[in-house]
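Numbering (full-length UniProt numbering), first residue to last: 1 to 132.
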């Protein structure tokens, strides 16, 4: 297994997706992803697609230098999320939720902000434990 194959396998693990779901996100087969994670040679297109879809630093994926994930600005994070919601057919709840948010009035946004601030203030100091 080459170093790039090891890094591809690491990206798959970090994504929390199955190989099938990972492959679907970059429009390749699950078998192709399995091969790349072991000993296959990724094409430039596949490398670019992995980096774009999963926020991976291309230099790290190709060479191992730097950090695995790119650091995105708030605007880049929002654009990436919006692109995923638009493109990913499995994100129906996210689409509906974003659609509702898009129709909020300024007053409703103010109310949402106030509620979010209250929720943040009311966080428990210790996470609840499961009582059995």
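Even for Gly, the Cβ is constructed at its ideal location relative to N, Cα and C.
Straight-line Cα distance separating residue j from residue i
{"i": "residue 59", "j": "residue 23", "result": "21 Å"}
{"i": "residue 33", "j": "residue 75", "result": "30 Å"}
{"i": "residue 99", "j": "residue 3", "result": "42 Å"}
{"i": "residue 102", "j": "residue 18", "result": "32 Å"}
{"i": "residue 36", "j": "residue 115", "result": "46 Å"}
{"i": "residue 111", "j": "residue 28", "result": "44 Å"}
{"i": "residue 69", "j": "residue 13", "result": "13 Å"}
{"i": "residue 66", "j": "residue 108", "result": "42 Å"}
{"i": "residue 91", "j": "residue 79", "result": "15 Å"}
{"i": "residue 105", "j": "residue 113", "result": "12 Å"}
First through last residue of the alpha helix (DSSP H) which encompasses residue i
{"i": "residue 112", "result": "106-121"}
{"i": "residue 65", "result": "Careful: residue 65 lies outside any alpha helix (DSSP H) and carries neither H nor E."}
Local conformation of residue i per DSSP, three classes
{"i": "residue 72", "result": "coil"}
{"i": "residue 90", "result": "coil"}
{"i": "residue 2", "result": "coil"}
{"i": "residue 96", "result": "helix"}
{"i": "residue 103", "result": "coil"}
**Prompt:** Of all the alpha helix (DSSP H) runs that stay within the bounds of the UniProt domain "HTH cro/C1-type" (8-61), which reach a length of 4 or more residues?
**Reply:** As far as the UniProt domain "HTH cro/C1-type" (8-61) is concerned, its whole alpha helix (DSSP H) runs of at least 4 residues are 19-25, 30-38 and 44-54.
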